Amino acid sequence: MHEAFENDVARALDKGDRRMNSLADEITAVKLEQAEFRRLLKENTDATNAIKADTAELLEAFRSFKGAMKVLEWIGKAAKPLGYVVGLGASVAAFWTAMKSGVPPK
Numbered sequence: 008m009h010e011a012f013e014n015d016v017a018r019a020l021d022k023g024d025r026r027m028n029s030l031a032d033e034i035t036a037v038k039l040e041q042a043e044f045r046r047l048l049k050e051n052t053d054a055t056n057a058i059k060a061d062t063a064e065l066l067e068a069f070r071s072f073k074g075a076m077k078v079l080e081w082i083g084k085a086a087k088p089l090g091y092v093v094g095l096g097a098s099v100a101a102f103w104t105a106m107k108s109g110v111p112p113k
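Positions in the sequence shown are counted from 1; adding 7 to them yields my numbering.
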């Protein structure tokens, strides 16, 4: 009877050892998967940061272009009245030249 008890205990211990070994193997597999997921997450984060940097440069270029368009719009708005002033000046200069040179009006 004492030997049967020892055999039962040995079998129970062997069963517990196998269970613990299988749990340890599962934990190792989960740790490996987790390490792979961390690596993939880092790759994804690096790619996202690179895209963010590229997009920031592109956005800065668009903002600069928008500023340039505003300046050109202001120049265009100023050009129309400036054209009137220059035209008036040219007309006065032509009239003055015509009067000095003695050209009769038509």
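Positions of the beta carbon are idealized from the N, C-alpha and C atoms, including for glycine.
This one's a predicted model, so the numbers in the text were calculated from it and none came from an experiment.
- When rounded, the separation of the alpha-carbon atoms in G96 and A68 is 40 Å.
- DSSP places G74 inside the alpha helix (DSSP H), whose first and last residues are H9 to S108.
- When the Cα atoms are used, N14 and R46 turn out to be separated by approximately 48 Å.
- In this model, R26 and A19 are separated by some 10 Å (Cα to Cα).
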